[in-house]
Ligand SMILES: NC(=O)c1ccc[n+]([C@@H]2O[C@H](COP(=O)([O-])OP(=O)(O)OC[C@H]3O[C@@H](n4cnc5c(N)ncnc54)[C@H](O)[C@@H]3O)[C@@H](O)[C@H]2O)c1
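In the working numbering, the protein residues as written are 642 to 1094.
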């Protein structure tokens, strides 16, 4: 009671793209006010009705977001039998009491009784809940299998479901910095370590083949990916394809991978014909985000991720880039997770994540993927998208300081035309729009403004 279920429930349902069901609301619409039910028929009768309603809701074929009264733990096996993924919306007793005092609800007449129930139920919540959340972002992350905790690497073994063996894939830089801690954290569960080259060189068919041939896991095993987006992309792809798919767990160590690459289930390798041409949708069983791992990230790698943070903030309509790092990572990861849960196979609104990226890819392609770094290209692409949207560009200029790049204009234009078949992503007062058709003359002018003479 007073945890915020009725306020956060509909918000969480909207973000996950699921219907919302409030069990208390369903009970009241069928049986009258809960306070009257308690008074007239007693708690046991109420719990019976609650169990029936909750069982019906849990039996629905389509996933729903359910607000289940905290008292449902009194009939705990109901929660355990239902197969629901349970999130404990945690709130301190003072806040809960401030919210509920004076409400016509059972146990609220007397502050002492309210506090006693709170203390009594708390350990039960810990037993039944699969995750604990303070706000809607936490719930979205839990629904996506994402755990966010500074220092979380130490908990790696308990984060990976089951007790089976783990094969850990990483690159030499990350192995040198965080490999020993990961090994220590995995303890007996570590079956093997596999190094892939640092950077884009990891995302090749040869490296994927080497992983397939080195792995000795059966389907009870889990592949762990410790590193930036290149490591999570290739390791996730190996997991998607080895034995027709084994579970994998991502432990992203760059800002870009924590806010973007390790969220959403896309895995890929490159071909000489293009980046990310071969891949699979294979959602990691867990993603463990430990913003503490970013302390060792070189400044130029941090800039790569900051471009995606600014993109996320522009899409969300909030200055997420101004938040302190751990919170910025949590908020950005939650924003992407929600979009990907609503559109897991990239058939609709997930396209909005391409804000600025059509221009960025064109600049990267024109530079032969070597002259222009992805983050700089995204910063420039965001400028172009904002200009075409008729919106101010100062945030991008101040936060990312994009500088025009020296690439061949016609090559960039040719690449952009290949890429813009899906249309552009632009921003409006009511948020992002994707698949927007823009006149070629305006697009070319926007692209040309990003290129130095
Ligand atoms: N799957 C997706 O949805 C998705 C989304 C965005 C980007 N990506 C992919 O991500 C890749 C880029 O990812 P990235 O920028 O993380 O690159 P990366 O994996 O190459 O990492 C960048 C560099 O930082 C080093 N590094 C990583 N963590 C470190 C740490 N904590 N301390 C010190 N050094 C560290 C790495 O060794 C590497 O040299 C691209 O291939 C891109 O296509 C995928």
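Glycine included, every Cβ here is placed at the ideal spot set by N, Cα and C.
With a threshold of 16 other beta carbon atoms within 10 Å, residue 1067 meets it and is buried. Of the candidates 837, 1026, 867, 707, the residue whose Cα lies closest to the Cα of residue 1088 is 1026.
Within the model, the alpha-carbon separation for residue 861 versus residue 975 is close to 29 Å.
Selection 979, 956, 982, 1041 evaluated against residue 1072 yields 956 as nearest (Cα-Cα).
In this structure the segment 905–919 lies against the segment 865–879, because at least three pairs of beta carbons, one per stretch, are closer than 8 Å. Shown here, residue 725 sits in coil according to DSSP, grouped into three states, outside any helix or strand. Close CB contacts of residue 1024 within its chain, under the 6 Å cut and outside five residues either way in sequence, are with 1034, 1037, 1043 (chain order).
Less than 8 Å divides the Cβ of residue 815 from the Cβ of residue 868. In this structure residue 798 is in contact with residue 828, their Cβ atoms being roughly 6 Å apart against a cut-off of 8 Å.
Comparing alpha-carbon positions, the option among 743, 750, 789, 1041 lying closest to residue 928 turns out to be 789. Distance check between residue 884 and each of 871, 853, 903 places 853 closest, using alpha-carbon atoms only.
Between residue 698 and residue 664, the C-beta spacing is below 8 Å. DSSP, read as helix, strand or coil, puts residue 993 in helix.
A distance below 8 Å separates the beta carbons of residue 983 and residue 657.
Of the residues 1063, 800, 1079, 732, the one whose Cα lies closest to the Cα of residue 990 is 1063.
Residue 1077 is bridged by DSSP to 1065.
Ranked by Cα distance from residue 804, the first of 841, 779, 888, 786 is 888.
In this structure, the alpha-carbon of residue 1030 lies about 47 Å from that of residue 734. Within the DSSP bridge table, the entry for residue 893 names 868 as partners.
The Cβ atoms of residue 773 and residue 810 do not sit closer than 8 Å to each other. In the DSSP annotation of this structure, the continuous segment of the beta strand (DSSP E) that includes residue 920 starts and ends at 915–922.
Judged by DSSP secondary structure, residue 972 falls within the alpha helix (DSSP H) whose first and last residues are 966–983. Per the coordinates, the alpha-carbon of residue 1083 lies some 47 Å from the alpha-carbon of residue 707. Between residue 970 and residue 899, the beta carbon gap of about 5 Å places them in contact (Cβ cut-off 8 Å). Distances from the CB of residue 897 to the heavy atoms of ligand 1 include at least one below 7 Å.
With a cut-off of 8 Å on Cβ pairs, the segment 950–965 is in contact with the segment 996–1015, counting three or more such pairs.
Beta-bridge partners of residue 661 (DSSP): 706. Relative to ligand 1, even the nearest heavy atom lies 7 Å or more away from the CB of residue 744. Around the beta-carbon of residue 648, fewer than 16 other beta-carbon atoms lie within 10 Å, marking it exposed.
Residue 985 and residue 905 have their C-alpha atoms spaced approximately 7 Å apart. The C-beta separation of residue 714 from residue 765 comes to about 4 Å, placing the pair in contact by the 8 Å criterion. For residue 907, the enclosing beta strand (DSSP E) begins and ends at 907–912.
Here residue 720 carries a helix assignment [DSSP, helix/strand/coil]. With fewer than 16 other Cβ atoms inside 10 Å of its own Cβ, residue 744 counts as exposed.
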